[in-house]
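S.K.:
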Amino acid sequence: MGTLRLPLVMALVGLGLIVLSGSGTSAPAFDGVAWPGAASPAAEADSFPHLPHDGLFPLCTGCHAGIVEGDVPAYYPEPASCDGCHDGEEEERVDWAPPVRAVGLLDFSHPVHADTVAAAGEEEAACASCHVAEEGERLEVVPLEAERCLSCHDDEPDAHFEGQDCASCHRTLAEVPGGDLLRDSLPTPDDHAVGEDAFLFDHGFTGLNDEARCATCHTQDRCLSCHVSGDRAEIQALPVTPSGWKALEAEARYPIPEGHTSDVFEVTHGRPAPATADCSTCHTQDDCAACHVAPLPASAQSLPRRPQVRAPGVGLEAQMPTSHQTPFFMTAHTVLASAAPDACSTCHTQTYCADCHDAQRSPGYHPQGFALRHAAAAGAQTMECSTCHNTAAFCVQCHVEVGFGSSGRLGPGYHDAEPLWLIRHGQGARQGLEQCASCHTQRDCLQCHSQLGAFKVSPHGPDFDPVQAQERNPWICLACHIRPPLGG
Amino acid sequence: MLRGLVFAAVLIALLPPSLAGQGMRGWASSSVRFFELRPLQLDTVASDQIEVGVDGRTRVDGLPVSCTPGVPCTFLRPGGSETAVVGSQDVGFTAWGLGMTGLSFTGLVRARDRLRGDLDWPLADDPFDVLVGYAQLQRSRFRLRLGRQDTPSGLGFSGFDGAAVRWDGGGWWAEAFGGRSLARGLNETRREALRGIEDFVPDQEAYLWGGAAGARFVRTAVGLRYQREIIADRSGLVAERAALDLSTFLPGALRVEASADYDVPFDRVGKAHLSLQRALFQGRVLAEVTARRYVPYFELSTVWGFFSPVSYREARLKIAAGMSRTAGIEVSLAAREYGDASVSTVFEPLEDRGYQAEVTGRWRPAERVDVQATWQLDWGNSAFLNSLDAAVGLQVHEAVRLRLTGTTFQQFEAFRLGDGRALGGGASLDVRATDRIHVDAGTLILRQDAGRGGSDDVWNQTRGWFGLRYSFGDDPALRRGGR
Chain F
5 MGTLRLPLVM ALVGLGLIVL SGSGTSAPAF DGVAWPGAAS PAAEADSFPH
55 LPHDGLFPLC TGCHAGIVEG DVPAYYPEPA SCDGCHDGEE EERVDWAPPV
105 RAVGLLDFSH PVHADTVAAA GEEEAACASC HVAEEGERLE VVPLEAERCL
155 SCHDDEPDAH FEGQDCASCH RTLAEVPGGD LLRDSLPTPD DHAVGEDAFL
205 FDHGFTGLND EARCATCHTQ DRCLSCHVSG DRAEIQALPV TPSGWKALEA
255 EARYPIPEGH TSDVFEVTHG RPAPATADCS TCHTQDDCAA CHVAPLPASA
305 QSLPRRPQVR APGVGLEAQM PTSHQTPFFM TAHTVLASAA PDACSTCHTQ
355 TYCADCHDAQ RSPGYHPQGF ALRHAAAAGA QTMECSTCHN TAAFCVQCHV
405 EVGFGSSGRL GPGYHDAEPL WLIRHGQGAR QGLEQCASCH TQRDCLQCHS
455 QLGAFKVSPH GPDFDPVQAQ ERNPWICLAC HIRPPLGG
Chain P
7 MLRGLVFAAV LIALLPPSLA GQGMRGWASS SVRFFELRPL QLDTVASDQI
57 EVGVDGRTRV DGLPVSCTPG VPCTFLRPGG SETAVVGSQD VGFTAWGLGM
107 TGLSFTGLVR ARDRLRGDLD WPLADDPFDV LVGYAQLQRS RFRLRLGRQD
157 TPSGLGFSGF DGAAVRWDGG GWWAEAFGGR SLARGLNETR REALRGIEDF
207 VPDQEAYLWG GAAGARFVRT AVGLRYQREI IADRSGLVAE RAALDLSTFL
257 PGALRVEASA DYDVPFDRVG KAHLSLQRAL FQGRVLAEVT ARRYVPYFEL
307 STVWGFFSPV SYREARLKIA AGMSRTAGIE VSLAAREYGD ASVSTVFEPL
357 EDRGYQAEVT GRWRPAERVD VQATWQLDWG NSAFLNSLDA AVGLQVHEAV
407 RLRLTGTTFQ QFEAFRLGDG RALGGGASLD VRATDRIHVD AGTLILRQDA
457 GRGGSDDVWN QTRGWFGLRY SFGDDPALRR GGR
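Protein chains in written order, with this note's numbering: chain F, 5 to 492; chain P, 7 to 489.
(1) Can you find at least 3 beta carbon pairs, one from the segment 192-208 of chain P and one from the segment 478-488 of chain F, that sit closer than 8 Å?
(2) In angstroms with no decimal places, state the Cα-to-Cα distance between residue 243 of chain P and residue 211 of chain P.
(3) Do we get a CB-CB distance below 8 Å when we pair residue 79 of chain F with the residues of chain P?
(4) Where does residue 323 of chain P land, buried or exposed, given buried means 16+ other C-beta within 10 angstroms?
(5) Do residue 40 of chain P and residue 469 of chain P have their beta-carbon atoms positioned less than 8 Å apart in this structure?
(6) Does the segment 389-403 of chain F come into contact with the segment 51-68 of chain P, if we say contact requires no fewer than three beta-carbon pairs (one atom in each stretch) closer than 8 Å?
(7) Looking at the secondary structure, which residues open and close the beta strand (DSSP E) in which residue 281 of chain P lies?
(8) If we count the other Cβ atoms within 10 Å of its Cβ and call it buried at 16 or more, is residue 103 of chain P buried or exposed?
(9) Which first and last residues belong to the beta strand (DSSP E) in which residue 335 of chain P is found?
(10) Is the CB-CB distance between residue 308 of chain F and residue 288 of chain F below 8 Å?
(11) Going along the chain, which residues of its own chain have a beta-carbon closer than 8 Å to the beta-carbon of residue 71 of chain P, five neighbours each way excluded?
(12) Within the same chain, show all residues whose beta-carbon is closer than 6 Å to that of residue 38 of chain P, passing over the 5 residues directly before and after it, in chain order.
(13) I believe residue 161 of chain P touches residue 185 of chain P by the beta-carbon criterion, under 8 Å. Please report the beta-carbon distance rounded to the nearest angstrom.
(14) In this structure, what does DSSP give as the bridge partners for residue 38 of chain P?
(15) Just curious, the beta strand (DSSP E) that residue 320 of chain P is in, first and last residue?
(16) Cβ closer than 8 Å: which chain F residues qualify as neighbours of residue 102 of chain P?
(17) Exposed or buried, residue 369 of chain F, counting other C-beta atoms within 10 Å across all chains shown (16 or more means buried)?
(18) Report the partner residues of residue 392 of chain P according to the DSSP bridge assignment.
(19) Got a sec: which bits of the segment 239-273 of chain F sit with their beta carbon under 7 Å from any beta carbon on chain P, in order along the chain?
(20) Ignore the nearest five residues each way along the sequence and tell me which others in residue 493 of chain F's own chain have a CB closer than 6 Å to its CB.
(21) Step through the CB atoms of chain P and report whether any lies within less than 8 Å of the CB of residue 487 of chain F.
(22) Give me the DSSP bridge partner(s) of residue 102 of chain P.
(23) How would you write the range of the alpha helix (DSSP H) that residue 479 of chain F sits in, first residue to last?
(24) Using a Cβ cut-off of 8 Å (strictly closer), state whether residue 294 of chain P contacts chain F.
(25) DSSP state of residue 480 of chain P, grouped into three classes?
(26) With a threshold of 8 Å, are at least 3 pairs of Cβ atoms found where one atom belongs to the segment 370-385 of chain F and the other to the segment 427-443 of chain F?
(27) So is residue 195 of chain P in contact with chain F if we call contact Cβ pairs under 8 Å?
(28) At 7 Å on the CB atoms, spell out the chain A contacts of residue 120 of chain P, in chain order.
(29) Going by Cα to Cα distance, which pick from F/203, F/219, F/187 and F/142 is closest to residue 172 of chain F?
(30) Could you tell me which chain F residues have their CB closer than 8 Å to the CB of residue 411 of chain P, listed as they occur along the chain?
(31) Taking the alpha-carbon of residue 428 of chain P as reference, which of P/452, P/419 and P/412 has the nearest alpha-carbon?
(32) At a Cβ threshold of 8 Å, is residue 495 of chain F touching chain P?
(33) With a threshold of 16 other CB atoms inside 10 Å of the CB of residue 97 of chain F, please say whether the residue is buried or exposed.
(34) Any residues in the segment 98-117 of chain F with a beta carbon nearer than 8 Å to a beta carbon of chain P? Which ones, in chain order?
(35) Which class does residue 196 of chain P belong to by DSSP, given the choice of helix, strand or coil?
(36) Is residue 155 of chain P buried or exposed, if buried means 16 or more other CB atoms sit within 10 Å of its CB?
Spelled out as C-alpha cells, the structure:
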C-alpha cells in the first residue's frame with residue numbers, strides 16, 4: 005500500500021503542480037504557481053513521468069497529500085519514497101527531486117478549490133479537469149492551461165488576457181521575487197495591441213475600472229515611463245516598483261488626441277482652464293512654456309517641470325499660430341492685437357511690441373533704409389506715423405536738422421514743384437496735414453491763420469463745429485483768437 | 007548714463023541663479039548707428055546769376071531758385087557732409103515667482119547717447135527712458151497692472167503711469183485703466199516731454215482713463231475701447247476717442263477684418279478699414295481686398311485738428327501666390343482719392359488721387375540661398391517714389407547669415423522737385439553666436455546718380471550699424487529668440 009500511495013501522491017502533484025511555486029510557509033493560503041511559458045523556474049514540463057506510473061497510483065492525493073489541506077511540505081512526496089520501487093534491483097535507481105518552489109504570478113489556492121471539489125463530490129475528477137489532457141488518460145499530465153481555469157470562473161472571458169478579473173487567479177508581479185525578470189517574458193494581452201493608438205487612449209478606463217487587472221503585470225514604473233504625472237489615482241493604485249528591479253525600457257509614445265487636431269485647439273485649449281490632470285498625462289510645464297511666455301498661467305504652473313519627471317513627455321516646440329502664417333500678417337496684425345490683446349500676451353510681453361515698434365536697430369519696424377525714402381509713404385499716410393513717433397519731437401527735429409524743416413520763414417523754397425505754393429497750399433495742407441506738422445511748427449501756420457496773423461485766414465473747414473470745439477478745449481481757441489470766439 | 011545702464015545690464019545678466027520657483031527672462035540690446043548725409047542749407051543768390059529754363063523755372067547751378075520782389079532770391083543747396091554716431095542700450099526683462107502667486111514685474115528701459123558727430127539725430131539727446139515698467143498680479147480671472155504701461159490698441163499706442171484691471175471669463179474680457187498720460191512716442195509724461203517742443207502745450211500733466219471690452223471666440227475676436235485724456239486742471243480735453251476692432255471668419259473660409267475709430271470732440275469717424283481675405287486655388291493663392299478710410303488724428307492740445315483735415319478713401323488688392331515650392335510672388339495695388347478740401351484754388355487744383363503698386367518676388371534657388379526683389383511705385387499727390395530693391399541672403403554657416411542688397415530709386419518729396427536717382431548697395435551680417443548672443447552689423451551706401459543738373463554727390467548718404475543682443479534668464483522662450 006505504501007508503495008502505491010507514494011506514486012499516487014507524486015502523480016497528483018505532477019499533474020499540474022509541476023509549475024507550483026510559493027513560499028508555502030509564509031503564505032500557506034496561496035500555492036503561488038508560476039505561469040506556463042513565463043520565465044519561471046517551475047514553468048517547465050512535467051519533471052515526473054506520470055503516465056508510466058499509471059496504475060500504480062489510484063489517487064492523486066496518495067502522493068500529493070498536502071494539496072488538499074494546504075500543507076505545503078506535504079505537497080510532494082519525499083524523494084526517498086521512490087526507493088521503495090527503484091531500489092536498484094527490481095527497478096533502477098532514480099534521482100528525482102520535487103520542483104524548486106518559487107513565488108509565481110498565479111495566485112491559486114488548492115485548499116479553496118479542494119473545498120469546492122469536495123462539495124461537488126468529484127475529488128479525483130477535479131484534479132484531472134485541470135491537470136490531465138482533455139480526453140487523455142488519467143495520468144497524462146500536461147502543463148496547466150489558463151483556459152481550464154476560465155471554464156469554471158464566473159466571468160468566463162472569451163480568452164485568457166481579455167478577462168476583467170485577473171486578480172481571481174493572479175497575484176501582482178510586484179509580489180513575485182524576480183518579477184522584473186519575469187515581466188519581459190510575459191505575453192502581451194490581445195487587447196493591449198501595443199502600437200495601436202486606441203489602446204493608448206483607452207487603457208486609462210481599464211485602469212479606472214479594474215485596477216487589479218493592470219496591477220497583475222504592471223507596477224507604477226510602467227505608467228511613469230510614459231505618464232508625465234504619477235498623481236492619477238489609477239497609477240497610485242498600482243504597486244510601487246520594488247527596489248532593485250531592473251529599470252523598464254519602454255518606449256514612450258504620445259499619439260495626438262483627436263481633439264488636439266482641431267484648427268481651433270490652439271485658441272480653446274486653455275478655456276476654461278484645462279484639467280491639468282489630463283494635460284499632465286503627456287505634457288510637462290515646459291511644453292506650455294514652448295508657446296506661453298512666463299510667468300505661465302496658474303494651470304500650467306501646476307504641471308511638473310521636465311527635469312522632475314522620468315517620462316520624456318511630448319516635448320513641444322514653439323509653433324506659430326495659424327493666424328500668423330499668412331504673408332500679410334506682419335502688416336495686418338493690428339486688428340487682432342486690438343480686438344484680442346490676450347491672444348498676443350499669450351506668447352509676447354509688452355516689451356516684445358516695443359522692441360519692434362520702437363526699435364533702436366536697423367532694420368526694425370521699417371525696412372532698411374526707410375528713412376532715406378519715407379516721403380512717399382508719409383505723404384500717403386500708408387501708416388499713421390504719429391502712432392509711434394511724436395511729430396513735434398521726432399519728425400520736426402530731424403527735418404530741421406537735415407534742412408527740410410521750417411525755420412519760421414514762410415517764403416517759397418522747399419516746395420519748389422508748385423508755383424505760387426504759398427497761396428495754393430490749402431488743398432495740400434488739408435489733405436496731408438500730418439506732413440505739414442512734420443516740418444512746420446504751429447506758429448508757422450498762425451502767421452496767417454490767426455486773428456493776430458497777417459492775413460487772418462480761417463483754417464476751419466465747412467464742417468467745423470466751433471461750439472463743440474470750444475466746449476472740449478476752450479484754451480486752444482486762444483492760440484488763434486484774441487478772446488474766446490463764442491464768449492465765456 | 008549710458009555706461010551706467012550697460013553696467014546694470016551686465017549685472018543683471020550675471021546675477022546668481024534664481025531661487026526655486028523664481029524666474030527671470032530678459033534681454034539686453036546694444037546698438038550703435040552711423041549716419042552720414044548732407045543737410046540742405048538755405049542760401050541766397052543775386053538775381054543776375056539766375057538762369058531761366060525752357061519750362062520758365064528759375065535755377066542756379068541746376069537748383070530751383072525762389073525769388074520774391076524786394077528780397078534776395080533764395081535756394082536750398084546741399085551743405086557739407088555731416089555725421090552722427092548714436093548709441094543706445096535697451097534692457098527688457100520680466101521677473102516672476104517673487105513670493106506671491108501670480109506676481110511679476112516687466113520692464114523695458116532705454117539709454118541713448120550721441121557718441122560722435124555734429125548731426126543731431128532725433129531723440130539722441132534724450133538720455134534715458136522707461137518704456138515699460140509695471141508690476142502685474144494675475145489672480146484667477148483678474149489681472150492687475152501697476153506702473154508704466156504702453157498699450158497697443160486700435161487707437162495706437164497709449165502710454166500712461168497708472169493702473170489697469172482686466173477681467174477674463176469664458177472668452178469675454180473687460181478692462182479699465184487710468185493714470186498719468188504719457189506723450190505719444192516719447193515715453194515721458196506730457197509736461198516734461200512736450201515743454202519747449204509744442205507751441206501750445208499747457209504746463210500741466212494730463213490724465214488718461216478709459217475702458218475696453220471684447221470677446222474672443224474660436225473664429226471671432228471683437229474689441230471695443232474708449233479712452234479720454236484730460237488736462238490735469240480739467241480745463242480741457244487732450245483727446246476723447248473710441249475704437250472698434252473685429253476679426254472673424256465667415257463661411258467659405260472668408261476672413262474678415264474691420265476696424266474704425268471715432269473722434270468724439272470732432273464728432274467724426276477717423277480711420278476705418280474693412281478687409282476680406284480668402285485663400286484660392288487650394289491655398290496656393292491668398293487674396294485680400296481692403297477698403298480703407300484715413301483721417302489723421304491730432305490731439306486737441308494742438309491747432310492741427312482745427313484746420314479741418316480731410317480724409318482719403320483707398321481700395322487695395324493684395325495677392326500672394328506660391329509659384330513653386332521655392333518661389334513666390336506678392337502683388338499689391340492700391341488707389342486712393344482724397345476728400346474735398348473745401349478751399350478756393352488758384353490755377354489748377356492739386357492732384358487729389360494717389361496710386362501704389364508693389365511687386366515682390368521671392369526665390370530660394372538653394373537651401374542656403376534666398377533671393378528677393380521688390381519693385382515699388384508710390385504715386386502720391388504730394389510725393390513720388392519709384393524703387394527697385396534686390397537682396398541675396400546666404401546662410402554661410404549655421405549661425406551666420408550674410409545679406410547683400412542693392413537698390414535704386416527716384417523720389418520726389420513733399421511738393422518738391424525730384425532729387426534724381428539714387429543707386430546704392432549694402433551688406434549685413436547676422437551672427438547667432440550662441441543661443442543667447444546675437445550680433446548683427448551692416449552698411450548701406452547710397453550715391454546720387456544725377457540730380458537737378460548739379461553735382462552728383464549732393465544726396466550721397468552712408469549708413470552703418472552694429473548691434474549686440476544678449477538674452478538672459480530661464481524662460482524656455484529664450485531658445486527661440488526674444489518674445
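C-beta atoms are modelled at their ideal positions from N, C-alpha and C, and glycine is treated no differently.
These figures come from a predicted structure and were not determined experimentally.
M.R.: So, from the listed chains and residues:
(1) With a cut-off of 8 Å, the segment 478-488 of chain F and the segment 192-208 of chain P count as touching, because enough Cβ pairs lie within range.
(2) Taking the first residue of the second sequence as position 1, residue 243 of chain P is located at position 237. Taking the first residue of the second sequence as position 1, residue 211 of chain P is located at position 205. Spanning the two alpha carbons is a distance of roughly 12 Å.
(3) Translated into the one-based positions of the first sequence, residue 79 of chain F becomes position 75. Judged by the 8 Å Cβ criterion, residue 79 of chain F is not in contact with chain P.
(4) In the second sequence, the residue the question calls residue 323 of chain P occupies position 317. Per the 10 Å Cβ criterion, exposed.
(5) Here residue 469 of chain P corresponds to residue number 463 of the second sequence, with the count starting at 1. Here residue 40 of chain P corresponds to residue number 34 of the second sequence, with the count starting at 1. Taking the C-beta atoms as reference points, residue 40 of chain P is found nearer than 8 Å to residue 469 of chain P.
(6) No contact exists between the segment 389-403 of chain F and the segment 51-68 of chain P.
(7) Locating residue 281 of chain P in the second sequence gives position 275, counting from the first residue. For residue 281 of chain P, the uninterrupted beta strand (DSSP E) segment begins and ends at 274-286.
(8) As a first step, residue 103 of chain P is located in the second sequence; it is residue number 97 there, counting from the start. Residue 103 of chain P comes out buried.
(9) Position 329 of the second sequence, counting from 1, holds the residue named residue 335 of chain P. For residue 335 of chain P, the enclosing beta strand (DSSP E) has its first and last residue at 333-344.
(10) What you label residue 308 of chain F is simply residue 304 of the first sequence in a count that begins at 1. What you label residue 288 of chain F is simply residue 284 of the first sequence in a count that begins at 1. Yes, the pair counts as a contact, with Cβ atoms nearer than the cut-off.
(11) Looking up residue 71 of chain P in the second sequence gives position 65. Counting only residues of its own chain and dropping the five nearest sequence neighbours on each side, residue 71 of chain P has a CB closer than 8 Å to the CB of 51, 56, 64, 65, 79, 80 and 81.
(12) Residue 38 of chain P sits at position 32 when you count from the first residue of the second sequence. Contacts found: 93 and 472.
(13) In the second sequence, residue 161 of chain P corresponds to position 155, counting from 1. In the second sequence, residue 185 of chain P corresponds to position 179, counting from 1. Between residue 185 of chain P and residue 161 of chain P the Cβ distance is about 16 Å, and since that is not below 8 Å, they are no contact.
(14) To locate residue 38 of chain P, count along the second sequence from 1; it is residue 32. Partner(s): P/93 and P/472.
(15) As a first step, residue 320 of chain P must be located in the second sequence, where it is residue number 314. Where residue 320 of chain P is concerned, the enclosing beta strand (DSSP E) stretches over 318-328.
(16) Your numbering for residue 102 of chain P matches position 96 in the second sequence. Correct list: 298 and 299.
(17) Here residue 369 of chain F is taken as the residue at index 365 of the first sequence, counted from 1. Classification for residue 369 of chain F: exposed.
(18) Indexing the second sequence from 1 puts residue 392 of chain P at position 386. Per the DSSP secondary-structure output, residue 392 of chain P pairs in a beta bridge with P/383 and P/416.
(19) Answer set for the segment 239-273 of chain F: 268, 271 and 272.
(20) Missing from the structure shown is residue 493 of chain F; chain F here goes from 5 to 492 and no further.
(21) Looking up residue 487 of chain F in the first sequence gives position 483. No, because no Cβ of chain P sits closer than 8 Å to the Cβ of residue 487 of chain F.
(22) Taking the second sequence and counting its residues from 1, the one referred to as residue 102 of chain P is at position 96. BP columns for residue 102 of chain P point to P/29 and P/110.
(23) For the purposes of this step, residue 479 of chain F is taken as residue 475 along the first sequence, with counting starting at 1. Residue 479 of chain F -> alpha helix (DSSP H) spans 478-481.
(24) Numbered from 1 along the second sequence, position 288 holds the residue referred to as residue 294 of chain P. Judged by the 8 Å Cβ criterion, residue 294 of chain P is in contact with chain F.
(25) Looking up residue 480 of chain P in the second sequence gives position 474. Coil.
(26) Counting Cβ pairs under 8 Å, three or more are found: they touch.
(27) Residue numbering aside, residue 195 of chain P sits at position 189 when the second sequence is read from its first letter. Chain F, which has no Cβ nearer than 8 Å to the Cβ of residue 195 of chain P, makes this no.
(28) No chain A is present in this structure, whose protein chains are F and P.
(29) Here the question's residue 172 of chain F lines up with position 168 in the first sequence. Residue F/219 is the option with its Cα nearest to residue 172 of chain F.
(30) To locate residue 411 of chain P, count along the second sequence from 1; it is residue 405. Ordered by position in chain F, the residues that pass the 8 Å Cβ test against residue 411 of chain P are 372.
(31) For this step, residue 428 of chain P is matched to residue 422 along the second sequence. Comparing Cα-Cα distances from residue 428 of chain P to each of P/452, P/419 and P/412, the minimum goes to P/452.
(32) The first residue shown for chain F is 5 and the last is 492, placing residue 495 of chain F beyond what the model contains.
(33) Within the first sequence, residue 97 of chain F is the residue found at index 93, counting from 1. Residue 97 of chain F comes out exposed.
(34) Hits within the stretch: zero.
(35) The residue given as residue 196 of chain P occupies position 190 in the second sequence. Helix at residue 196 of chain P.
(36) Looking up residue 155 of chain P in the second sequence gives position 149. Around the CB of residue 155 of chain P, 16 or more other CB atoms lie within 10 Å, so the residue is classed as buried.
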